[in-house]
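Q: Handing you this structure, nothing more for now.
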Amino acid sequence: MTPFDFHVPTRLVFGAGTIDRLGTLARELGFARPLLVSDGGLEEAGHVDRALGLLRGAGLAVEVFDDFDVNPDAAMVERGVAFARARRPDSVIGLGGGSSLDCAKGINLLLTNDGAMADYRGYGHAHKPLLPMIAVPTTAGTGSEAQSYAVIADAETHMKMACGDPQLAFRVAVLDPDLTLSQPAAVTAAGGFDAIAHAVETAVTKRRTAISTLFSREAFRLLNAKYERVLDHPDDVAARGAMQLGAFYAGVAIEQSMLGAAHACANPL
Ligand SMILES: [Zn+2]
3 MTPFDFHVPT RLVFGAGTID RLGTLARELG FARPLLVSDG GLEEAGHVDR
53 ALGLLRGAGL AVEVFDDFDV NPDAAMVERG VAFARARRPD SVIGLGGGSS
103 LDCAKGINLL LTNDGAMADY RGYGHAHKPL LPMIAVPTTA GTGSEAQSYA
153 VIADAETHMK MACGDPQLAF RVAVLDPDLT LSQPAAVTAA GGFDAIAHAV
203 ETAVTKRRTA ISTLFSREAF RLLNAKYERV LDHPDDVAAR GAMQLGAFYA
253 GVAIEQSMLG AAHACANPL
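Sequential numbering of the sequence shown, starting at 3, is according to our numbering.
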């Protein structure tokens with residue numbers, strides 16, 4: 003049997019309506035001036051205003067950074083760092099899809115540890131403490147909320163760089179399936195397929211362990227059962243919740259075993 007060392011550093015808060023706990027959770031962690039990192043597209047869905055209302059209602063002085071796109075690159079992260087430096091946040095909240103969560107991680111890394119994104123390619127290159135972070139995913143797919151990696155593209159070559167560090171794990175992940183109802187159909191389809199690929203690749207990779215297999219299997223069971231359902235009935239909150247949990251579990255499996263051939267091909271492509 004493959005030996006393993008298993009620890010989930012992220013507290014998981016799951017359920018419809020759990021977004022309402024965001025302000026309280028941030029206060030519990032001692033946040034006073036969080037930086038909210040959220041892609042601009044989400045403002046339309048009303049998620050950003052809702053999060054701002056909850057955080058301000060809990061007495062927090064929050065600033066929003068939203069000047070980045072899907073597949074954030076190092077230049078976008080650097081813009082976020084410049085924005086954050088002027089405002090001196092004490093914490094970071096990522097709200098949105100994998101791009102928002104990864105961008106939040108990248109900004110935190112460079113804000114606290116300096117240097118360039120490329121310096122952190124690989125694992126464990128942060129030498130100074132990072133700011134504590136909360137993840138609020140609005141899609142079900144990447145599982146970034148369960149992982150200590152940020153995938154950031156090189157601004158010139160567009161090559162994706164996987165930058166990992168134990169401190170990049172979120173302190174809390176708030177999984178509220180209501181927030182995923184606003185996903186466009188194409189995002190539901192692609193994100194769900196990505197999560198299924200994570201479940202399959204973590205299950206077959208040689209680095210799998212007894213515990214990663216547990217999460218891969220449960221992720222596959224949930225995702226396989228509800229993938230078509232969320233495409234045909236996008237308002238089915240229970241099915242959305244199963245997809246969200248499945249994506250999270252697959253992310254936990256990735257932390258243990260990493261991925262397989264399909265993702266290995268995808269990054270250089
Ligand atoms: Zn993936």
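Cβ atoms here follow ideal geometry from the backbone N, Cα and C, with glycine treated the same way.
Under the three-state reduction of DSSP, which class applies to Glu65: helix, strand or coil?
A: If DSSP states are grouped into helix, strand and coil, Glu65 belongs with the strands.
Q: Among the candidates Leu233, Val176, Ala268, Lys162, whose CA atom is the shortest distance from the CA of Gly25?
A: When only C-alpha atoms are compared, the closest one is Val176.
Q: Got a sec: does ligand 3 put a non-hydrogen atom nearer than 7 Å to the Cβ of Ala199?
A: This structure does not include ligand 3; its bound ligands are ligand 1.
Q: For the stretch 38 to 50 against the stretch 96 to 116, do three or more pairs of beta-carbon atoms, one drawn from each stretch, fall closer than 8 Å, so that the two count as touching?
A: Touching, per the Cβ criterion.
Q: Tell me whether Asp196, by its Cβ, gets closer than 7 Å to a heavy atom of ligand 1.
A: Checking every heavy atom of ligand 1 against the Cβ of Asp196, one is found closer than 7 Å.
Q: Is there contact between the stretch 176 to 194 and the stretch 222 to 240, where contact requires at least three CB pairs shorter than 8 Å?
A: Yes: at least three Cβ pairs fall under 8 Å.
Q: Does DSSP classify Met260 as helix, strand or coil?
A: It is coil, neither helix nor strand.
Q: Determine the contact status of Ala34 and Leu56, defining contact as a CB-CB distance below 8 Å.
A: Against a cut-off of 8 Å, the Cβ pair of Leu56 and Ala34 comes out as no contact.
Q: Who pairs with Ser214 in a beta bridge, going by DSSP?
A: In DSSP, Ser214 forms no bridge with anything.
Q: Which residue from Glu65, Asp156, Ala197, Gln185 puts its Cα closest to that of Arg223?
A: Comparing Cα-Cα distances from Arg223 to each of Glu65, Asp156, Ala197, Gln185, the minimum goes to Ala197.
Q: Taking buried to mean at least 16 other C-beta atoms within 10 Å of its own C-beta, is Ala249 buried or exposed?
A: With 16 or more other Cβ atoms within 10 Å, it is buried.
Q: Is any heavy atom in ligand 1 found nearer than 7 Å to the beta carbon of Thr4?
A: No - ligand 1 has no heavy atom lying nearer than 7 Å to the Cβ of Thr4.
Q: Can you tell me which of the three DSSP states Gly17 falls into?
A: It is coil, neither helix nor strand.
Q: Considering only the alpha carbon of each residue, which of Gly96, Asn269, Pro179, Gln185 lies closest to Thr159?
A: Per the Cα distances, Asn269.
Q: If you run the structure through DSSP and keep just helix, strand and coil, what is Leu183?
A: Reduced to three states, the DSSP call for Leu183 is helix.
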